[in-house]
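With the working numbering applied, the sequence shown corresponds to residues 218 to 403, in that order. The C-beta atom is built at its ideal place from N, Cα and C for all residues, glycine as well. What you are looking at is a predicted structure, and each value in this text was computed from that prediction instead of being measured. Just below is one structure, and these are the notes that go with it.
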Amino acid sequence: MRRSKGTTAACACAAIALAVTTGAASAAAAPGASPAAKKCKKGHRGRSKCRGKKRRSDAGRSPVIRATLMWSNGGADNVDMDLFVFDGNGGMAGDGSDTIPLSSITSDLSGPAGTETFTDDLFSPQAARDLSFGVCYSAGTPVHTDFTLTYVTADGVVHGDSQSPGMTTRFDYPGGAPVPSGFCAR
Numbered sequence: 218m219r220r221s222k223g224t225t226a227a228c229a230c231a232a233i234a235l236a237v238t239t240g241a242a243s244a245a246a247a248p249g250a251s252p253a254a255k256k257c258k259k260g261h262r263g264r265s266k267c268r269g270k271k272r273r274s275d276a277g278r279s280p281v282i283r284a285t286l287m288w289s290n291g292g293a294d295n296v297d298m299d300l301f302v303f304d305g306n307g308g309m310a311g312d313g314s315d316t317i318p319l320s321s322i323t324s325d326l327s328g329p330a331g332t333e334t335f336t337d338d339l340f341s342p343q344a345a346r347d348l349s350f351g352v353c354y355s356a357g358t359p360v361h362t363d364f365t366l367t368y369v370t371a372d373g374v375v376h377g378d379s380q381s382p383g384m385t386t387r388f389d390y391p392g393g394a395p396v397p398s399g400f401c402a403r
């Protein structure tokens with residue numbers, strides 16, 4: 218994986234997401250595929266039996282980090298930042314659950330600093346699924362907390378946004394799938 222260095226946190230975050238997007242697409246093995254080449258054995262009637270080969274349906278697909286939420290400078294231990302992801306079929310990932318097929322989201326964290334990441338195991342540059350993103354912020358006492366969200370839309374473009382909210386709020390980042398109005402109900 219290649220990494221670029223930037224002078225600001227937003228540039229560094231966008232560069233990492235871009236490196237992961239381009240590097241993972243070329244370097245990661247498809248789920249269930251062996252990264253090392255194996256020798257083929259001759260089977261019955263001279264047919265070769267190869268294990269560890271990619272299935273045709275997996276060709277060109279690899280896990281890609283589609284969103285990363287990073288926060289810092291939270292002035293309290295009870296700062297709760299949550300990354301949410303939505304797909305076009307009504308699936309949602311975030312706040313400790315994931316109903317989007319072939320995806321994963323890191324554990325729900327809270328505290329003055331942290332990171333949450335969503336990985337799309339079904340990403341294919343030719344047919345990536347539309348996803349939308351959201352960020353929820355809450356804290357027991359109103360404190361400003363800096364956050365940066367870096368996300369990749371279906372067209373492969375890396376986007377980023379930085380905010381410093383001081384009270385319970387939500388941020389929507391539409392990317393093609395509908396963003397439910399009550400996803401950030403507290």
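Going by DSSP in three states, residue i sits in which element: helix, strand or coil?
| i | result |
| --- | --- |
| Val352 | strand |
| Arg346 | coil |
| Asp372 | coil |
| Ser279 | coil |
| Ala310 | strand |
| Ile317 | coil |
| Thr386 | strand |
| Val360 | coil |
| Val302 | strand |
| Asp297 | strand |
| Asp337 | strand |
Nearest-angstrom Cα distance between residue i and residue j?
| i | j | result |
| --- | --- | --- |
| Asp365 | Thr336 | It is worth fixing the name first, because residue 365 is Thr in this sequence and not Asp. Rounded to the nearest angstrom, the two C-alpha atoms are 17 angstroms apart. |
| Tyr390 | His376 | 10 angstroms |
| Ala310 | Leu326 | 14 angstroms |
| Asp363 | Asn290 | 6 angstroms |
| Ala394 | Phe388 | 15 angstroms |
| Leu348 | Thr285 | 14 angstroms |
| Tyr368 | Val281 | 11 angstroms |
| Gly373 | Arg283 | 9 angstroms |
| Gly392 | Val302 | 10 angstroms |
| Asp315 | Gln380 | 25 angstroms |
| Ser279 | Arg346 | 13 angstroms |
| Gly313 | Met298 | 12 angstroms |
| Thr385 | Asn306 | 28 angstroms |
Apart from the five residues just before and just after residue i, which ones in its own chain have a Cβ nearer than 6 angstroms to its Cβ?
| i | result |
| --- | --- |
| Ile317 | Asp304, Gly308 and Ala310 |
| Asp378 | Leu366 |
| Gly399 | none |
| Thr332 | Met287 |
Return the residue from the list the options that minimises the CA-CA distance to residue i.
| i | options | result |
| --- | --- | --- |
| Leu300 | Ile322, Leu339 and Pro382 | Ile322 |
| Pro382 | Asp312, Leu319, Val352 and Thr332 | Val352 |
| Asp338 | Ser320, Asp312 and Asn306 | Ser320 |
| Thr370 | Asp312, Phe340, Ser279 and Gly313 | Phe340 |
| Gly328 | Asn306, Arg346, Ser355 and Gly313 | Ser355 |
Sorted by chain position, which residues of the same chain lie with C-beta nearer than 7 angstroms to residue i's C-beta, five sequence neighbours on each side aside?
| i | result |
| --- | --- |
| Gly357 | Ala293 and Asn295 |
| Ala330 | Trp288, Ser289 and Gly291 |
| Cys401 | Gly351, Cys353 and Arg387 |
Looking only at DSSP bridge pairs, what is residue i linked to?
| i | result |
| --- | --- |
| Gly377 | Thr367 |
| Met287 | Thr332 and Thr365 |
Grab me the residues of residue i's own chain with a C-beta within less than 8 angstroms of its C-beta, minus the 5 sequence neighbours each way, in chain order.
| i | result |
| --- | --- |
| Val360 | Gly291, Gly292, Ala293, Val296 and Gly383 |
| Pro334 | The question names Pro, but residue 334 is Thr in the sequence shown. Only Ile282, Ala284, Thr285, Leu286, Leu300, Ile322 and Thr323 meet the Cβ criterion. |
| Pro397 | Phe303 and Met309 |
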